[in-house]
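A.B. asks: Residue numbers (my numbering), protein chains in the order written: chain B, 2 to 117; chain L, 13 to 125. Note that CB positions come from ideal geometry on N, CA and C, so glycine has one too. Keep in mind that this is a model prediction, so the values were computed, not measured. Just dropping this structure here.
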Amino acid sequence: AQKITQTQPGMFVQEKEAVTLDCTYDTSDQSYGLFWYKQPSSGEMIFLIYQGSYDEQNATEGRYSLNFQKARKSANLVISASQLGDSAMYFCAMREGSSNTGKLIFGQGTTLQVKP
Amino acid sequence: ETGVTQTPRHLVMGMTNKKSLKCEQHLGHNAMYWYKQSAKKPLELMFVYSLEERVENNSVPSRFSPECPNSSHLFLHLHTLQPEDSALYLCASSRRGQSYEQYFGPGTRLTVT
């Protein structure tokens, strides 16, 4: 069974508007971490934001915020005031607490295009 | 020096060649990872090294051979590859522990002809 699901292969957003990228996950661990990465066309994966399963508040990093709904097992990324440079592929990832190797499990990714 | 570097950035090799990919991290991390990213597929974890010991090998064919001589360097030795091995190979590093994010290098774009 897929552990990380991103159901939006592609998204469009108008510059300066907000956009939400969906991510749902599946784990039986009580302790886990959720991550979002951005991958521009250059290929490098850029870390954006982290949410721990025990964190009571939603994580925020500048224009990025993570809408964490634990009961629904969702960890959606919200980008406010979109910029042209936000056009990229976005990956949701999870690290399970039971993993002793620290490995990340990635979703399929969502391609975001920001329109001027 | 940027956090995680990878060389070469692009590589074209024949199926009978032997080549190596190099990854170096300057962040003082103690875990390193190799990922494969094929078109239209999620990132696939290949190998994990923690404190220079291989702790995970995700059913990767033996034509891929990793090496971690110290905590700052990671290699992926390639031999007799197949065309389906063409992909972007990403190296990452992190501190050990659940909440630490992984920092990625720019990747090596490999084409097997």
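Give the single residue among L/Y61, L/S83, L/L88 and L/Q49 whose Cα lies nearest to the Cα of B/F92.
C.D. replies: Position 91 of the first sequence, counting from 1, holds the residue named residue 92 of chain B. Here the closest residue by C-alpha is L/Q49.
A.B. asks: When the Cα atoms are used, what is the spatial distance from B/S32 to L/S74?
C.D. replies: The residue given as residue 32 of chain B occupies position 31 in the first sequence. The residue given as residue 74 of chain L occupies position 62 in the second sequence. For B/S32 and L/S74, the distance between alpha carbons rounds to 34 Å.
A.B. asks: Going by beta-carbon coordinates alone, are B/Q40 and B/M90 separated by less than 7 Å?
C.D. replies: For the purposes of this step, residue 40 of chain B is taken as the residue at position 39 of the first sequence. For the purposes of this step, residue 90 of chain B is taken as the residue at position 89 of the first sequence. Cβ distance < 7 Å, so B/Q40 and B/M90 count as in contact.
A.B. asks: List the residues of chain D whose Cβ lies closer than 8 Å to the Cβ of L/E113, in chain order.
C.D. replies: You won't find chain D in this structure, because its protein chains are B and L.
A.B. asks: Could you name the residues of chain B that L/G119 contacts, counting a contact when the two beta carbons are closer than 9 Å?
C.D. replies: What you label residue 119 of chain L is simply residue 107 of the second sequence in a count that begins at 1. Near L/G119 (Cβ distances below 9 Å), the residues of chain B are S43, G44, E45 and M46.
A.B. asks: To which residues does DSSP link L/L33 through a beta bridge?
C.D. replies: By one-based count along the second sequence, residue 33 of chain L stands at place 21. The partner list for L/L33 (beta bridge, DSSP) reads L/L88.
A.B. asks: Can you list, in chain order, the stretches of the alpha helix (DSSP H) that have 4 or more residues and sit fully within the region 42-68 of chain L?
C.D. replies: Here no run is fully enclosed.
A.B. asks: So which residues of chain L does B/L105 contact, with C-beta pairs closer than 7 Å?
C.D. replies: Translated into the one-based positions of the first sequence, residue 105 of chain B becomes position 104. Simply Q114.
A.B. asks: With which residues is B/C93 paired in a DSSP beta bridge?
C.D. replies: Along the first sequence, one-based indexing puts residue 93 of chain B at 92. Partner(s): B/W37.
A.B. asks: Would you kindly work out how many angstroms separate the C-alpha atoms of L/G117 and L/T19, rounded to a whole number?
C.D. replies: Translated into positions along the second sequence, residue 117 of chain L becomes position 105. Translated into positions along the second sequence, residue 19 of chain L becomes position 7. Straight-line Cα distance between these residues: approximately 10 Å.
A.B. asks: Using only the alpha-carbon positions, how far apart do B/I47 and L/M27 sit?
C.D. replies: Your numbering for residue 47 of chain B matches position 46 in the first sequence. Your numbering for residue 27 of chain L matches position 15 in the second sequence. If you take the alpha carbons of B/I47 and L/M27, they lie about 32 Å apart.
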